[in-house]
Amino acid sequence: PGYINFYLSNKYLQNVVGKILAEKELFGNLSKNKEKVIVEYSQPNTHKEFHIGHLRNVFIGNSLVNILRKGGYGVTSANYIGDTGTHIAKCLWGISKFHSEENLDQINNKAEFLGKSYAEAVKAISENPDFENEFKLLQKKFESGDEVLVSLWEKTKQWSLDEFEKIYEELGVNFDVYFWESVEELEGKALLPELLKVDCIQESQGAIVANLEEYGLGVLVLVRKDGSALYGLKDIPLAIKKFKEYDIDKSIVVVDIRQGLYFKQIFKILQLMGFDKDMQHVGYEFVSLKGSESMSSRKGNIIPARFLMDEIIKKVEDKFPGTKAAKEIGLGALKFYMLKYSSQSKIEFDINEAVKLEGSGPYVQYAHARTCSILGKAKENFNFQLLNSNLDLLIHEKEFSLIKELDKFPELIAEVANTHEVHKFPHYAMKLADKFHSFYDACRVIDEGNIELTKARLMLVLSTRIVLGETLRLIGVSAPEKM
26 PGYINFYLSN KYLQNVVGKI LAEKELFGNL SKNKEKVIVE YSQPNTHKEF HIGHLRNVFI
86 GNSLVNILRK GGYGVTSANY IGDTGTHIAK CLWGISKFHS EENLDQINNK AEFLGKSYAE
146 AVKAISENPD FENEFKLLQK KFESGDEVLV SLWEKTKQWS LDEFEKIYEE LGVNFDVYFW
206 ESVEELEGKA LLPELLKVDC IQESQGAIVA NLEEYGLGVL VLVRKDGSAL YGLKDIPLAI
266 KKFKEYDIDK SIVVVDIRQG LYFKQIFKIL QLMGFDKDMQ HVGYEFVSLK GSESMSSRKG
326 NIIPARFLMD EIIKKVEDKF PGTKAAKEIG LGALKFYMLK YSSQSKIEFD INEAVKLEGS
386 GPYVQYAHAR TCSILGKAKE NFNFQLLNSN LDLLIHEKEF SLIKELDKFP ELIAEVANTH
446 EVHKFPHYAM KLADKFHSFY DACRVIDEGN IELTKARLML VLSTRIVLGE TLRLIGVSAP
506 EKM
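Note that the working numbering has the sequence shown beginning at 26, numbered continuously upward.
Written as structure tokens, this is what we have:
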């Protein structure tokens, strides 16, 4: 019986390694299913700075898109830009009030300028009732289409969008489709007569509300008594549009955890309208920087994404002098650190922890670079075909342990495509890197005295490189060949 077990183990090993080498980056791909999904994430507001909390959203959303695609879903990635609302009028008032003499085109950091103008406006309006009245007048003028204000809005909105685009490009993120809050607001207002036919939606003291008390979901105000539309009036037509225009089976929205009740209310209203579809909210907790207070754009104490991205790249340059991959390692460390926490956990971001060489993104990237270096050396020193190697020679317990870990990859794809728990990927990557390092320390890979064993072990190294590289790709982390 001992012999049979041993034989089965070898056959099992051979099949896993053989399968990875045959399928390469397609290893773990689940067969295409018919389900189509929209994943909406990021949703920054123009006229406010892109901050550390937005980064967590982008990392979760982008990973989810990649994992669902690998899991066989047809995925459309969507962004929903907040380009309307009181915050914009406040920012425009702040610029007109405090910066009217400045040549706006000469401003260097335009995104930061907008964030500061908004925070200045909020502070001034809250401290001075005269300013409050001035602001209300400007808001009315803006909403009724004042040419000067609309032109300032268009110019400054473009500044925000340009900055968002730069950040997405650096993070390697792109969207298939953009939705706009300003468009959804018009569609929501056009939908009002239809909404008022729904039992739970009624006028109340001049406002329009959805009373969902009987479902334990409280009351959601859709339109204020001054006629201004709130988020709900925009999210309802947006949800309908996604299903009708994109012919999807499921809609996923990645938004912070505070919006949990709000999305239950939206989904319930849609259901009561007879629009009963598969809609899911993927929530995530807050992010703060170690040693800083909690963030608010209103107070102006946010941690800009740009600042954090630059800081972590500098940190990597200090830690790995002379590296050519500082940006890859730095941004990889940032993504990996944020993604390794369950979305239900708060994160206190610690820049020193993120760039450490153990239990981190750089640790996993280093394992990948090491596989590349071993394979590169073998190529220089030997001239042989790996594909006809004898995998029966892989009998060391560390080899077995590594292959078992590689074999878990397809199951993980299936599981996370279903549960959306993307934090399981960084944990898997760390475990795989651990197993690889243990194998490498225990087993001599290149042994000139035993070419057959060398070939078999190189196949195992190549399999590890493929799966490690693919795991990193799914969470948006680059896999450098050299560190």
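Every residue, glycine too, gets a C-beta built ideally from N, C-alpha and C.
Nothing here was measured: the structure is a model prediction, and the numbers come from that model.
Contact between the region 68-82 and the region 455-465 is not established, with fewer than three Cβ pairs separated by less than 8 Å. For threonine 101, the enclosing beta strand (DSSP E) starts and ends at 99-106.
Counting only runs that start and end inside the region 264-307, the alpha helix (DSSP H) elements of at least 4 residues fall at 285-297. For serine 185, the enclosing alpha helix (DSSP H) begins and ends at 172-196.
Glycine 99 is positioned such that its CB atom lies no closer than 9 Å to that of lysine 141. Alanine 232 is bridged by DSSP to Ser229.
Of the residues assessed, valine 173 falls on the exposed side of the cut-off, its CB having fewer than 16 other CB atoms within 10 angstroms. A straight-line Cα-Cα distance of about 34 Å links glutamate 477 and leucine 382. In the DSSP assignment, valine 492 falls within the alpha helix (DSSP H) that extends over 476-499. Restricting attention to Phe450, Asn475, Met508, the CA atom closest to the CA of isoleucine 92 is found in Phe450. Between the region 103-120 and the region 141-160, the count of Cβ pairs shorter than 8 Å is three or higher; the stretches touch.
Nearest Cα to lysine 161 within the set Leu186, Ser125, Thr111, Asp130: Thr111. With at least 16 other beta carbons inside 10 angstroms of its own, proline 329 counts as buried.
When DSSP reads this structure, alanine 254 sits in a beta bridge with Val248.
Under the three-state reduction of DSSP, isoleucine 261 is assigned to helix. Buried is the label assigned to glycine 257, since at least 16 other Cβ atoms lie within 10 Å of its Cβ. Across the set His306, Leu247, Val248, Met298, the C-alpha of His306 shows the shortest separation from the C-alpha of lysine 275. Here threonine 444 is exposed. Its C-beta has fewer than 16 other C-beta atoms within 10 Å. The alpha carbon of valine 278 has as its nearest neighbour, out of Leu485, Met363, Lys36, Val83, the alpha carbon of Val83.
With at least 16 other beta carbons inside 10 angstroms of its own, lysine 480 counts as buried. By DSSP's assignment, histidine 76 forms a beta bridge with Pro329. Assignment of phenylalanine 52 by DSSP, reduced to helix, strand and coil, places it in the coil class.
Contact between alanine 379 and histidine 421 does not hold, since their C-beta atoms are separated by about 34 Å, which reaches or exceeds 8 Å. Shortest Cα-Cα distance from leucine 497 to any of Ile150, Lys36, Glu50 involves Glu50. One alpha carbon belongs to serine 385, the other to serine 503, and they sit about 13 Å apart.
Of the candidates Lys135, Ile226, Glu168, Tyr203, the residue whose Cα lies closest to the Cα of glycine 107 is Tyr203. Three or more beta-carbon pairs separated by less than 8 Å are not found between the region 220-238 and the region 123-136, which leaves the two stretches without contact. Lysine 141 has no beta-bridge partner at all, per DSSP. For tyrosine 309, the number of other beta carbons within 10 angstroms of its own is at least 16, and it is reported as buried. The region 384-399 makes contact with the region 354-363, as at least three CB pairs between them are under 8 Å. In this structure, phenylalanine 434 sits away from tyrosine 465, with a CB-CB distance that is not shorter than 9 Å. Between histidine 393 and proline 505, the C-beta spacing is below 9 Å.
The region 246-255 makes no contact with the region 279-290, as fewer than three CB pairs between them are under 8 Å. About 6 Å separates the CB atoms of valine 492 and isoleucine 45; that is less than 8 Å, so the two are in contact.
Across the set Ile294, Gly243, Glu430, Ile438, the C-alpha of Glu430 shows the shortest separation from the C-alpha of leucine 38.
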